[in-house]
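Written out below as C-alpha cells is the structure these notes cover.
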Amino acid sequence: MQVLRNALILEGQKLEPSRGVVVIREGRIEKVMRGFPPKKGSCLELKGAVLLPPFVNSHTHVGDSALAEGYLGKTQEEAVGPGGVKFEVERLPPSRVAGAVRETLERMLTTGTLAHCDFREGGPAGVRLLRRLSPQPLRSIVLGRPNGRLQEVLRCSDGLGFPSVEAAESFKDSLPPSGKLLSMHVAETKEAQENSLRLFGKGEIRRALDLNPSFLVHGTWGGEEYELLRKKGVPLVFCPRANHLLGCGSPPISHALELDLKFFLGTDNTMVAEPDMFSELSFAWALVRKENARAGEEETRKLLMAATVDPAAFFGLPWRGLEEGAPATFMVLSGSNLLAQNPLAAVVNRAGARNLRCLYIEGKIYKPPRQLTRLPAA
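By our numbering, the letter at position 103 of the sequence shown is numbered 100, and the numbering carries on one by one without gaps.
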C-alpha cells in the first residue's frame, strides 16, 4: 500500500480540485480522502503537489521529426501539403528518420504524455516502423494511410487517417472500416473550405460526416458547421500552435466551448511544433481569452479535460480520472508557479515539463528519460 499525503488532486472525470490523500493498493486507487489526516505509518508527503491524469496528444505526425523547422518560409501547402517539404523525409537515411522519431516519442514522455494518435504516412511499412519505435510506456494509436494497400494497412493499424476529405472519399466504398478508427483533416485552411463550398455546396465537415468518421482534425475554418458535429457526437481535434505556425488561421475554440462541442487537443507535425501538451494548453488558453475576455475556471477545466480524461475515454485507454477504483495512473506536478488561486488555471496557463516530478503508472513510479527532478524521500 502507498499513501500520498498533502496532494492537490484534480479528481474524477471533471477534474474537481480537492486537497487530501490518495491511497494506492495493487495498482489501483483505493481511497481519495479530503483533508489532512494525521500521519500513520509510511506516507509520501507531497507538499501540495498536483495530481492529474496523464496527457493524451490526439493528433500527431511524428514521421517528419527529422525535418524540424523545415516549414520556414513556406505556406501550409508547401510545407505539409501533397509533395510538400515534409515528404523530403523519404530521401533521408532510414536510421536518421528512425532516430528522430524515437527522440520525439521519448520527449512526449518527459512532458507527461502517455498516449498519442498519429496519422502515419508510408503505408504498412510506416505503421510498423512507428510500432517498433514507440518506447514503453507510451501508447501509440496509429492511423495508417492506404497508399493502395488498404487491407494490409488495416490489419496492422488502429484505423485510417486521411490528409483530406477528397482522399477519404476516394475510399468511400470501404469506409468506415469495421472495428477501426476513421479520421481526416477538415477545413484546415480557408481555401480548402471555400473550394468545398463552391464545388460541392457544403463545407468539408459536412462532407466528412457523410463518411461516418470517428473524429475529425482541425476544423479551423468550419465553425459554422460545429453544430453538426455536436449533434452527431463526433469529436474535433484542434491543433492551434501548428495552425498559427503554418499561417492557417486561428481555430475558434471559444465558439466550440460555447456550443459544448466535444473536442481534444493535438500538436500536429513535429516538423512544425514540439509535441508538448503543456505548450498546447497554454496557447489554446491564450486564444480563448483573446476571443472571450470573461473566460474563466470552467473554460480552463474543459481545456484540461480535452488534453486528458476526454480523449483517454474516447480512445479506450487503460486509465481515467483520479477516483476510487481507477488505475493509479497520473502525473505529479510541483513548483511555486502552480501555487495560484485557481489550480486548474495554473496548470493550463503556467505548468511545463519543469514541473513534472514523475508519472505513476498503475501504482508504479515512472521517471521519463532525462527527467532530473525527484520525489522527496518518504
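Note that beta-carbon positions come from the ideal geometry of N, C-alpha and C, so glycine has one too.
Tell me the rounded alpha-carbon separation between residue i and residue j.
| i | j | result |
| --- | --- | --- |
| Pro143 | Gly198 | 28 Å |
| Phe33 | Ser39 | 15 Å |
| Cys236 | Pro248 | 8 Å |
| Leu157 | Val329 | 34 Å |
| Leu127 | Ser62 | 12 Å |
| Leu79 | Cys245 | The sequence shown places Pro at residue 79, not Leu. When rounded, the distance between both Cα atoms is 16 Å. |
| Ile202 | Ser331 | 40 Å |
| Pro90 | Asn289 | 47 Å |
| Gly145 | Thr57 | 22 Å |
| Arg2 | Lys229 | 43 Å |
| Val82 | Glu66 | 10 Å |
| Val124 | Ser131 | 11 Å |
| Leu369 | Glu118 | Unreliable positioning characterises Leu369 in this predicted model, as indicated by a pLDDT of 38, which lies under 50. The coordinate reading is nonetheless provided below. Their Cα atoms are separated by approximately 34 Å. |
| Leu256 | Glu359 | 35 Å |
| Arg286 | Arg129 | 41 Å |
| Phe84 | Val139 | 18 Å |
| Asp115 | Val98 | 12 Å |
| Thr297 | Arg291 | 12 Å |
| Leu196 | His215 | 21 Å |
| Lys299 | Met(-2) | 33 Å |
| Asn192 | Arg351 | 44 Å |
If you measure between the beta carbons of residue i and residue j, is that distance less than 8 Å?
| i | j | result |
| --- | --- | --- |
| Leu353 | Gly109 | yes |
| Trp282 | Asn346 | yes |
| Lys169 | Leu151 | no |
| Leu319 | Gly9 | yes |
| Val15 | Ile6 | In the sequence on display, residue 15 carries Ser and not Val. Yes. |
| Ala4 | Leu48 | yes |
| Gly293 | His252 | no |
| Val59 | Thr267 | yes |
| Leu254 | Glu277 | no |
| Ala402 | Met274 | Residue numbering for the chain in the displayed model covers -2 to 375; residue 402 lies beyond these limits and cannot be assessed. |
| Ala205 | Leu213 | yes |
| Phe327 | Tyr357 | yes |
| Ala270 | Arg238 | yes |
| Thr186 | Asn54 | no |
| Gly120 | Gly96 | no |
| Pro272 | Thr101 | yes |
For residue i, list the residues DSSP reports as bridge partners.
| i | result |
| --- | --- |
| Tyr363 | Leu356 |
| Ser15 | Ile6 |
| Gln(-1) | Ile21 |
| Asn187 | Inspection of the sequence shows that residue 187 is occupied by Lys rather than by Asn. Answer is none; Lys187 lacks a bridge partner. |
| Ala112 | Val53, Arg136 |
| Lys28 | Val20 |
| Ser180 | Gly158 |
| Val231 | Note: Val231 sits in no beta bridge, so no partner. |
| Asn266 | His58 |
| Met105 | Its beta-bridge partners do not exist; DSSP assigns none. |
| His215 | Val183 |
| Leu319 | Glu8 |
When DSSP labels each residue in this structure, what does residue i get in the three-state scheme?
| i | result |
| --- | --- |
| Met302 | helix |
| Leu208 | coil |
| Arg117 | strand |
| Gly141 | strand |
| Phe311 | helix |
| Glu42 | strand |
| Leu69 | coil |
| Phe260 | strand |
| Phe275 | helix |
| Phe327 | strand |
| Leu89 | coil |
| Leu126 | helix |
| Leu335 | helix |
| Leu243 | coil |
| Leu48 | strand |
| Leu172 | coil |
| Lys83 | helix |
| Pro340 | helix |
| Cys380 | No statement about residue 380 is possible, as the shown extent of the chain runs from -2 to 375 and does not include it. |
| Asn289 | coil |
| Ala164 | helix |
Beta carbon of residue i: closer than 7 Å to some heavy atom of the ligand HEM?
| i | result |
| --- | --- |
| Arg354 | Ligands in the displayed structure: none, and consequently the ligand HEM is not present. |
Among residues of its own chain, excluding the 5 on either side of residue i, which ones have a beta-carbon nearer than 8 Å to its beta-carbon?
| i | result |
| --- | --- |
| Ala337 | Ala343, Arg347 |
| Lys361 | Gly24 |
| Pro174 | Leu151, Gly156, Leu157 |
Can you find the residues in the same chain that come closer than 7 Å, C-beta to C-beta, to residue i, ignoring five residues on each side of it along the sequence?
| i | result |
| --- | --- |
| Lys28 | Val20, Glu321 |
| Thr72 | Gly244 |
| Pro324 | Gly24, Arg25, Pro315, Trp316, Glu359 |
| Leu284 | Pro237, Ser247, Ile250 |
| Leu258 | Tyr223, Leu226, Arg227, Leu233 |
| Ala184 | Gln190, Gly200, Glu201, Ile202, His215, Gly216, Thr217, Trp218, Gly219 |
So, for residue i: in the same chain, excluding its five sequence neighbours on each side, which residues have a beta-carbon less than 6 Å away from its beta-carbon?
| i | result |
| --- | --- |
| Phe159 | Ala165, Met181 |
| Arg371 | For Arg371, the predicted structure reports a pLDDT of 41, less than 50, and the residue's modelled location is therefore unreliable. A value from the coordinates is still provided. Cβ within range, chain order: n/a, list empty. |
| Pro365 | Leu106, Thr107 |
| Lys11 | none |
| Arg31 | Ser15, Gly17 |
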